[in-house]
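> Right, I'll just put the structure down here and ask away after.
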Amino acid sequence: TANAAGNESAPTDPPATADATPPAAPTDLTARINEFGQIEVFWTAGDADSLSFRLYTATYPFLTTAGLFARPAVSTFVESPNQDGTYRYAVTALDQVGNQSALSNQVSVFWDKSAPVIAVTGVTDGGYLKTNAAIAFSAADANLSGVSAALDGQPFASGGVVSAEGLHTLAVTASDTGGHTAARSLSFTLDKTAPAVAFTGAAEGAVLFSTVSIGVQVTELNPAASSFLLLNQSLGTSAAYVPGTPILRD
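Per the numbering used here, residue 264 is the first one in the sequence shown, and the count goes up by one each step.
Set out below in structure tokens:
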């Protein structure tokens, strides 16, 4: 320092204090689902040196912060994760110079907001099959409790084969440990028998010398579109034929 006459004192070094001691770890960490359906995490500072906090989250138990993303947080911390699962939380404290405490106690909370998603392979709703149907079903959920199915009202196991012709209905249900349920129902038809075709107006191999009309009768439990082709073997020609139309030439 200097006085009015310009006299300057001898220099002095201000005292400095090094702080390498981390604050105490936060205590009483607790997590729960609050009344708004959110995860709520709260804790208590371990000592007066705790200036700020970092929150660590994982879906598995952890002993260190290695590989975990640190989020600045204050108590009470609230979030709503995008995926179902069991979430684990721990907190550290930082002092004014950035020393970080050890991890607090670790807590977990079960988060489940979604119903299971049911998948079925081997058949489609409203589909037709001409061979036996091997049907598999499953349900996806982070906390799946069980999945079961019934075929035409009778218990049916995934991977089972349906061989009986006719209309069938498969009903699949699934549930998770959070109390959510899902159901999926689909109907399909198994038809392994080809249509039966009968002709009237002329016999197989007959030689006719006059105009003739050919009638066609199709027998089929699940009829679709039918088409007919008239072949003239003498001329080597063909044309679409409507049953009952007179055939005028050889």
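Note that CB positions come from ideal geometry on N, CA and C, so glycine has one too.
Keep in mind it's a predicted model, so treat the numbers as computed, not measured.
By alpha-carbon positions, which one of Thr508, Ala336, Val470, Pro509 ends up nearest to Ser497?
It is Val470.
> Let's test the definition: count the other Cβ atoms within 10 Å of the Cβ of Arg317 and tell me whether it reaches 16, buried, or not, exposed.
Buried, because 16 or more other Cβ atoms sit within 10 Å of the Cβ of Arg317.
> Could you give the C-beta distance for Ala396 and Val386, rounded to a whole number, given that I count them as a contact under 8 Å?
Yes, Ala396 and Val386 are in contact; Cβ-Cβ is about 5 Å, under 8 Å.
> Name, in chain order, the residues that DSSP records as bridge partners for Leu511.
In DSSP, Leu511 forms no bridge with anything.
> Check each candidate in Leu407, Ala503, Ala294, Val435 and name the one with the smallest Cα separation from Gly416.
Nearest option by C-alpha distance: Val435.
> Pull up the DSSP beta-bridge partners for Tyr350, would you.
Answer is Val372, bridged to Tyr350.
> Residues bridged to Thr482 by DSSP?
BP columns for Thr482 point to Ala459.
> With contact counted as at least three CB pairs below 8 Å, one residue from each stretch, are the segment 355-362 and the segment 397-416 in contact?
No, the segment 355-362 does not touch the segment 397-416.
> Which residue from Gly409, Gln369, Ser448, Ala399 puts its Cα closest to that of Asp388?
Ranking Gly409, Gln369, Ser448, Ala399 by Cα distance to Asp388 puts Ser448 first.
> From Lys376, Asp439, Leu430, pick the residue whose C-alpha is nearest to that of Ala402; which is it?
For Ala402, the nearest C-alpha among the options comes from Asp439.
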